[in-house]
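The sequence shown begins at 1 in this note's numbering and counts up one residue at a time. Have a look at the structure below, then the notes.
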Amino acid sequence: MKVVIVGGGSVGRFIAEQLASSGHSVTVLELEPATVRRRQQHDSGSSIEWREGDGCDLRVLSRIGLAECDVVAAVTGDDEDNLVVSLLAKQEFGVPRVVARVNNPNNEWMFNDMWGVDLSVSTPHLITGLVQEAVDVGSLVRLLSFDRGKAKLVEVTLAATSPAADRAIATLDLPRETTVVAVLRQDRVVVPHGDTVLRAADEVIVLITGDAEPKVRSVL
């Protein structure tokens with residue numbers, strides 16, 4: 001997979017390193033020349049390509065081959081820049097998947113398909129969800145939203161009293177609009193099937209569409 005990351009700060013660097021270690025082709029576009037030079041020296045032996053330029057400049061995006069990439073991640077520290085990058089990536093280059101970082105939660109409402117954003121990630125909201133997960137076993141925690149909130153990825157840590165504990169997924173009265181995509185059990189990931197039996201303390205990751213969230217909450 002070919003990925004272009006716009007924004008070479010700590011977030012962009014971390015994402016680039018993780019993707020490169022998984023074998024993906026990664027290009028990082030950064031505005032600051034000094035940062036680019038430093039990272040080019042540091043990553044000279046890796047598959048990460050560092051390029052200098054403004055991600056809001058159409059010519060720069062064309063030069064780094066945005067039209068051929070599979071995913072663009074706009075992760076600068078400026079929400080306006082991330083929105084512009086997302087819009088250009090989607091409308092001018094037809095990038096299949098565009099991910100954008102939300103720095104100010106008050107701006108999150110703008111990060112939608114009107115601006116070319118397929119997936120927005122708000123760090124404060126993710127942290128809130130993780131804190132809630134840590135203190136609230138049995139609660140439903142929203143991890144990510146897709147398609148302007150029409151689809152959500154949620155996590156439920158099963159309490160010992162959960163009606164889903166010790167039952168196979170296929171026997172649960174989950175709405176058709178939901179899919180159990182993963183089960184985190186202790187230190188391993190369980191790929192769920194219909195006969196997968198859920199246990200107390202399992203972290204169940206569910207993709208929800210429509211208005212099925214209340215039903216999922218009651219079932220799990």
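Idealized CB from N, CA, C, for every residue including glycine.
Distances from the CA of aspartate 43 to each of Gly8, Lys152, Leu174 and Val75 were compared; the closest alpha carbon is that of Gly8. In the three-state reduction of the DSSP assignment, isoleucine 15 falls in the helix class. Contact between the segment 24-31 and the segment 41-58 is present: three or more C-beta pairs spanning the two stretches fall below 8 Å. Here arginine 101 is bridged, per DSSP, to Val121. When the beta-carbon positions are compared, alanine 164 and leucine 198 come within less than 8 Å of each other. With respect to serine 86, alanine 67 sits apart: the two C-beta atoms are not nearer than 8 Å.
Within the same chain, Cβ atoms closer than 8 Å to the Cβ of aspartate 78 are found at Asn103, the five residues on either side in sequence being excluded. One Cα belongs to arginine 185, the other to aspartate 70, and the distance between them is close to 32 Å.
Here alanine 159 is near alanine 200, since their CB atoms are less than 8 Å apart.
Between the alpha carbons of serine 62 and leucine 172 lies a distance of about 49 Å. Non-local C-beta neighbours of valine 60 in its own chain, meaning closer than 6 Å and more than five positions away in sequence, comprise Gly53 and Asp54, ordered along the chain. Distances from the CA of methionine 114 to each of Val121, Gln91, Val95 and Ser122 were compared; the closest alpha carbon is that of Gln91. Less than 8 Å divides the Cβ of valine 206 from the Cβ of valine 156. Here threonine 27 carries a strand assignment [DSSP, helix/strand/coil].
Residue Thr161 holds the alpha-carbon nearest to the alpha-carbon of serine 218 among Val181, Val183, His193 and Thr161. A residue is called buried once 16 or more other Cβ atoms fall within 10 Å of its Cβ, and leucine 19 is buried on that count. In chain order, Leu140, Val154, Val156, Leu174, Pro175, Thr178, Val206 and Ile208 place their CB closer than 8 Å to the CB of valine 216, counting only its own chain and leaving out the 5 sequence neighbours on each side. At a Cβ-Cβ threshold of 8 Å, leucine 119 and leucine 144 count as neighbours.
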